[in-house]
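Enquirer: Numbering (my numbering), first residue to last: 385 to 744.
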């Protein structure tokens, strides 16, 4: 973004909307039609609080919503907001997915809220914004990495790192020849190694398309040419067996499990519920390995029952050394034994292998 400003790609807008004592001015914009950065100022409300946008959106002049996603940084606003005499300066960033087109004019519209006020008040404001196509910025670039990691024959390629507005997006691709389905990278961290000091970036978005992942990191201080370091501890794979467990709650025995890792710790009466506690041994301490049942389960006669839906918490996970323990409740009843639980969650494998990739 700094390079785009230096290249003179800033588009002055200077459009204002005001209503009910609220006033917002879109001062200017940077855009490459895939990303939109709006620089704005907002005045204090008539009661003296700063006003901030609450889930603003982009619309066409016909008020059709654009498929634009606001890039979030833990809250609606970036921490770099500044104030000058009661006037607040900040920016809003939108990402447009592939195929979405930014029109020559559009609206920024949404509710604005008096931040920190004991009496909340929202006002709807909209600002019409023109786009100068001859001043499009270059707000993203790809850094080719093309490094392949091998986890006992399971290959994952670190394909590219994309620098976009305030963010870095890492693309990972699973090799088609893998005989196990990759689920996620374990312990993945991205660092900036500028001047030899490690600065960790926070992961804020993650998307999977079946072929790999796109991981988005908040990186407002990243500058072109900064050395990056990607580290991790291994690869987690999807469990490929039958996700089902069969339990006899009368004899307190585990009749069938997805594999030998699952143990039945206890079955106890808890009020009007039966509490079933299981445990799975984990390769790393603190990992949340759970055998979580789906909402419905069956008894030996095929009758279907549901897990409790009374608004209370009827499950809990905790780590106990090398064991991941988890309990869930079912209504206390005289069931035809045993009970069959189809599982929504069950852990796959973990191939432990530290790695470190330097990216420049």
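We put the beta carbon where it would ideally sit given N, CA and C, even for glycine.
Please report the residue range of the beta strand (DSSP E) in which residue 519 lies.
Expert: Indexing the chain shown from 1 puts residue 519 at position 135. First-last for residue 519: undefined, no H or E at that position.
Enquirer: Can you give the Cα-Cα distance for residue 476 and residue 437, rounded to whole angstroms?
Expert: Against the chain shown, residue 476 aligns to sequence position 92. Against the chain shown, residue 437 aligns to sequence position 53. Those two C-alpha atoms are separated by around 9 Å.
Enquirer: Determine the closest residue to residue 472 out of 653, 407 and 522, with distance taken between C-alpha atoms.
Expert: Within the chain shown, numbered from 1, the residue matching residue 472 stands at position 88. Selected option, being the one with the closest Cα: 407.
Enquirer: Just the C-alpha distance for residue 668 and residue 528, rounded to the nearest angstrom, thanks.
Expert: Along the chain shown, one-based indexing puts residue 668 at 284. Along the chain shown, one-based indexing puts residue 528 at 144. Approximately 32 Å, taken between the alpha carbons.
Enquirer: According to DSSP, is residue 579 helix, strand or coil?
Expert: As a working mapping, residue 579 is identified with position 195 in the chain shown. Three-state DSSP puts residue 579 in a helix.
Enquirer: With a Cβ-Cβ cutoff of 7 Å, do residue 399 and residue 517 count as a contact?
Expert: The sequence position of residue 399 within the chain shown is 15, counting from 1. The sequence position of residue 517 within the chain shown is 133, counting from 1. Result no, Cβ atoms of residue 399 and residue 517 do not sit closer than 7 Å.
Enquirer: What residue from 499, 617 and 573 has the CA that sits closest to residue 743's CA?
Expert: The residue labelled residue 743 in the question sits at position 359 within the chain shown. Answer by Cα proximity: 573.
Enquirer: Would the stretch 579-594 and the stretch 493-500 be scored as touching if the rule is three or more Cβ pairs under 8 Å?
Expert: no
Enquirer: Report all residues from its chain with a CB closer than 6 Å to the CB of residue 459; omit the five preceding and five following residues, and keep chain order.
Expert: Locating residue 459 in the chain shown gives position 75, where the first residue counts as 1. Per-residue confidence for residue 459 stands at a pLDDT of 40, beneath the threshold of 50, marking its modelled position as unreliable; the derived number appears in the next sentence. Counting only Cβ-Cβ distances below 6 Å, and skipping sequence neighbours, we find nothing.
Enquirer: For residue 392, tell me which candidate among 519, 483 and 451 has the shortest Cα-Cα distance.
Expert: Sequence index remark: in the chain shown, residue 392 carries index 8 (1-based). Answer by Cα proximity: 519.
Enquirer: Looking at residue 696: is its Cβ nearer than 7 Å to the Cβ of residue 702?
Expert: The sequence position of residue 696 within the chain shown is 312, counting from 1. The sequence position of residue 702 within the chain shown is 318, counting from 1. No.
Enquirer: Enumerate in chain order the residues of its own chain whose CB-to-CB distance from residue 394 is below 7 Å, with the five nearest sequence positions on each side excluded.
Expert: As a first step, residue 394 is located in the chain shown; it is residue number 10 there, counting from the start. Excluding sequence neighbours, residue 394 sits near 412 and 414.
Enquirer: By Cβ distance, which residues of its chain are closer than 6 Å to residue 729, with the 5 residues on each side in sequence left out?
Expert: Counting from 1 along the chain shown, the entry for residue 729 is found at position 345. 674 and 676.
Enquirer: By the 10 Å Cβ neighbour count, where 16 or more other Cβ atoms means buried, how is residue 616 classified, buried or exposed?
Expert: Within the chain shown, the letter at position 232 stands for residue 616. That one is buried.
Enquirer: Starting from residue 382, follow its DSSP beta bridges and name the residues at the other end.
Expert: Outside the modelled stretch of the chain, which goes from 385 to 744, sits residue 382, for which no answer is possible.
Enquirer: I believe residue 692 touches residue 713 by the beta-carbon criterion, under 8 Å. Please report the beta-carbon distance rounded to the nearest angstrom.
Expert: Residue 692 sits at position 308 when you count from the first residue of the chain shown. Residue 713 sits at position 329 when you count from the first residue of the chain shown. The beta-carbon distance between residue 692 and residue 713, rounded to whole angstroms, is 6 Å. This is short enough to meet the 8 Å contact definition.
Enquirer: Pick out the complete beta strand (DSSP E) segments inside the stretch 704-736, 3 residues or longer, and give them in chain order.
Expert: 707-715 and 723-729
Enquirer: Report the three-state DSSP secondary structure of residue 480 (helix, strand or coil).
Expert: Looking up residue 480 in the chain shown gives position 96. Three-state DSSP puts residue 480 in coil, outside helix and strand.
Enquirer: Classify residue 653: buried if its beta carbon has 16 or more other beta carbons within 10 angstroms, exposed otherwise.
Expert: One-based indexing of the chain shown puts residue 653 at position 269. That one is exposed.
Enquirer: If you count every other CB in all the chains shown that lies within 10 Å of the CB of residue 597, and 16 or more means buried, which is it?
Expert: In the chain shown, residue 597 corresponds to position 213, counting from 1. The residue in question, residue 597, is buried, as its Cβ has 16 or more Cβ neighbours within 10 Å.
Enquirer: Would DSSP call residue 663 helix, strand or coil?
Expert: Locating residue 663 in the chain shown gives position 279, counting from the first residue. Note: residue 663 maps to strand in three-state DSSP.
Enquirer: Does the stretch 548-555 touch the stretch 598-605, meaning 3 or more C-beta pairs lie closer than 8 Å?
Expert: yes
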